[in-house]
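Numbering (the working numbering), first residue to last: 34 to 190.
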């Protein structure tokens, strides 16, 4: 298993993994068109000092996690997805560790994360790491996300 930053050759695998989990597992019915960040990952994440990580097993994308850098030490965590058969293997923890190292270098100290209400494993993962549920009005910076049945979490380090 390997963790690396985004490479264009994995774009289709990333999109397929995310859409499959969102629509077939979670049944939230998000289209690719509703997620323009997936169409241009480099621009959406890297241009403002963010990053997109992937976990690979035998050159197959099995997990993703991204950080969208905002101003003044703020960031949005995005695209926390791991293939079902790998979820008990600590893949999300490995991706998150990479994200935290990167955030420390960039002096990012506040993280916001939105997740579908049905993603209970994801909720538990972030709650164990100190994230607390907040309202949309409590987000301390401008951030638009697909207006679905989602929970919003925030954590400061």
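C-beta atoms are modelled at their ideal positions from N, C-alpha and C, and glycine is treated no differently. None of these values were measured; they are calculated from a predicted model.
(Q) Could you compute how far the alpha carbon of residue 108 sits from the alpha carbon of residue 122? (A) 26 Å
Q: With DSSP collapsed to three states, give me the class of residue 189.
A: strand
Q: With distances taken Cα to Cα, identify the nearest neighbour of residue 146 among 77, 189, 58 and 34.
A: 189
Q | Neighbour-count burial assignment, residue 113, 16 or more Cβ in a 10 Å radius | A | buried
Q: Please name the residue in 161, 181, 86 and 144 whose C-alpha comes closest to that of residue 175.
A: 144
Q) Tell me the DSSP bridge mates of residue 143? A) 107 and 189
Q: Could you tell me which of 105, 90 and 54 sits nearest to residue 139, measuring between CA atoms?
A: 105
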